[in-house]
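Take the sequence shown: its position 366, counting from 1, is numbered 365 in numbering that gives the first Met the number 0, and each next residue is one higher.
Accompanying notes for the structure given below.
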Amino acid sequence: MTTNRALAGAHRTGTRAGGAGGPEEGSSLRTRLRRSEAVGLGGDDGARSARSRPGALGEPEGPAGGGPSQALQSAGAPPRGAPPRGARPGDEQPGDVRAGGERPLGPGGAAQAQGGPLGLDGAPQPFHPAGGAPSAHCPASELAIAGLVPLSTVDWPGRLSATVFTQGCPWNCHYCHNQDLIPIRVPSKVSWREVRDLLSRRRGLLDAVVFTGGEALRQHACAAAAAEARALGFEVGLHTAGAYPRRLTDLVAAGLVDWVGLDVKALPEHYPQVVGRPRTGRKAWDCLEMLVEAAGRGGPDFEVRTTVAPGDVTAEDAYEVARRVHAAGARTYALQQARSEGARADFIAVAPGWDAACERLAARIEALGWDAFTYRPAS
Numbered sequence: 000m001t002t003n004r005a006l007a008g009a010h011r012t013g014t015r016a017g018g019a020g021g022p023e024e025g026s027s028l029r030t031r032l033r034r035s036e037a038v039g040l041g042g043d044d045g046a047r048s049a050r051s052r053p054g055a056l057g058e059p060e061g062p063a064g065g066g067p068s069q070a071l072q073s074a075g076a077p078p079r080g081a082p083p084r085g086a087r088p089g090d091e092q093p094g095d096v097r098a099g100g101e102r103p104l105g106p107g108g109a110a111q112a113q114g115g116p117l118g119l120d121g122a123p124q125p126f127h128p129a130g131g132a133p134s135a136h137c138p139a140s141e142l143a144i145a146g147l148v149p150l151s152t153v154d155w156p157g158r159l160s161a162t163v164f165t166q167g168c169p170w171n172c173h174y175c176h177n178q179d180l181i182p183i184r185v186p187s188k189v190s191w192r193e194v195r196d197l198l199s200r201r202r203g204l205l206d207a208v209v210f211t212g213g214e215a216l217r218q219h220a221c222a223a224a225a226a227e228a229r230a231l232g233f234e235v236g237l238h239t240a241g242a243y244p245r246r247l248t249d250l251v252a253a254g255l256v257d258w259v260g261l262d263v264k265a266l267p268e269h270y271p272q273v274v275g276r277p278r279t280g281r282k283a284w285d286c287l288e289m290l291v292e293a294a295g296r297g298g299p300d301f302e303v304r305t306t307v308a309p310g311d312v313t314a315e316d317a318y319e320v321a322r323r324v325h326a327a328g329a330r331t332y333a334l335q336q337a338r339s340e341g342a343r344a345d346f347i348a349v350a351p352g353w354d355a356a357c358e359r360l361a362a363r364i365e366a367l368g369w370d371a372f373t374y375r376p377a378s
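Given below as structure tokens:
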């Protein structure tokens, strides 16, 4: 299978939590906003106060935690743009302003602007969402964006990226560190036009655009936004909790994503307990199966990550989750501790002996044999 291009070679990275974007890992979007010097999203990249433009983020995103980790990388030096120790990518994702169940997610006209979407073999081909005709086109301009990091080294390991935080998530994980991104009907703080303007100015400086959240696939406009980013010459990364397997399949089949960070949170039977929603057990696991199959045909690289918290089912499940993920064919994996920052008030992220227990768990999981393994402690 195709492993993460940026993380070729087995390694174990113990990192301090910091700067990430997405559902569960890394610093919350609110914290990253506070830490950043804002960047002007129109005209030249002139600095201005982050408070003057909600959602506009501007620091080169490095480790927010600080200090070297005691755990060492066991093989290979990080490539250009690889996250320094102390950095961790974001977990959860996307948002949508639409109600209803999962529908096919199609790029429509935006993909055609590139001469048509690409199949897994790189050849142009018609886009047909799984199970039917292409869905109605939803333009990138409708993407509800909660924030933008113009330069990140942590949201796609091995890539320098701009990171787009989308608004809204269908799940309500008790350890989510981006609670502000869960609500759906929240006005966009950054327009897609501003994102495009930034990308146009940073051609040759950035490698990629990463869509995170929230849950990016909840918004149908995500496909068109990904297509436009590719048309500008950028690779596309995606953080997803796996809530929309059909939409992820469509995005991969259309050749619109180059790397995926997939959360597998628990065993299928325990998913409702973790994400707070019924009938969720197989979704992320279905996404995993699809990504493994696609990788065998030249599809996107991907990392699977599992977040654990003390005293709940995530800790009980963690080793068996990792074992099944490995057995399914995934070869890049991350274990990360949940953190209290940005989580709801009743969430408990620490317990006596918890850090040591996680270290032991990480060692057991690493011993399963991965091309790349990362442990991301909470502090």
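Built from N, CA and C at the ideal position, the CB exists for glycine as well.
Each of 164, 165, 179 was checked against the Cα of residue 171, and the nearest Cα belongs to 179. By the neighbour-count definition (other C-beta atoms within 10 Å, threshold 16), residue 227 is a buried residue.
Segment contact: the region 141-148 against the region 216-226, three or more CB-CB distances shorter than 8 Å; contact assigned. Here DSSP, grouped into helix, strand and coil, assigns residue 170 to coil.
Close CB contacts of residue 333 within its chain, under the 7 Å cut and outside five residues either way in sequence, are with 302, 304, 373, 375 (chain order). Going by beta carbons, residue 159 and residue 206 fall inside the 8 Å limit. With a cut-off of 8 Å on Cβ pairs, the region 234-247 is in contact with the region 277-294, counting three or more such pairs. For residue 147, the enclosing beta strand (DSSP E) starts and ends at 144-151. Take the alpha-carbon of residue 350 and the one of residue 182: they are about 30 Å apart. The closest CA to that of residue 267, considering only 313, 258, 232, 296, is found on 313.
Residue 324 is a Cβ neighbour of residue 287, given a cutoff of 8 Å. The Cβ atoms of residue 296 and residue 176 lie no closer than 8 Å to each other. Counting the other Cβ atoms within 10 Å of the Cβ of residue 199 gives fewer than 16, which makes it exposed.
Between the alpha carbons of residue 162 and residue 189 lies a distance of about 12 Å. In the DSSP assignment, residue 266 forms no beta bridge with any residue. Cβ-Cβ distances below 6 Å link residue 276 to 170 in the same chain, with the five nearest sequence neighbours on each side left out; the list follows chain order. Residue environment: residue 214 is assigned as buried (16 or more neighbouring CB atoms within 10 Å of its CB, all protein chains considered). Less than 8 Å separates the beta-carbon of residue 265 from that of residue 316.
Taking the C-beta atoms as reference points, residue 231 is found nearer than 8 Å to residue 202. In the DSSP assignment, residue 210 is bridged to 163, 237. Considering only 155, 187, 271, the residue with the shortest C-alpha distance to residue 311 is 271. In the DSSP assignment, residue 334 falls within the unbroken beta strand (DSSP E) covering 331-336. Under the DSSP definition of a beta bridge, residue 302 partners with 260. Linking residue 149 to residue 187 through their CA atoms gives a straight-line distance of about 17 Å.
For residue 154 against residue 209, the beta-carbon gap comes to about 4 Å, under 8 Å, which counts as contact. Put simply, of 248, 273, 274, 237 the residue whose alpha carbon is nearest the alpha carbon of residue 258 is 237.
With at least 16 other beta carbons inside 10 angstroms of its own, residue 212 counts as buried.
Judged by DSSP secondary structure, residue 248 falls within the alpha helix (DSSP H) whose first and last residues are 244-252.
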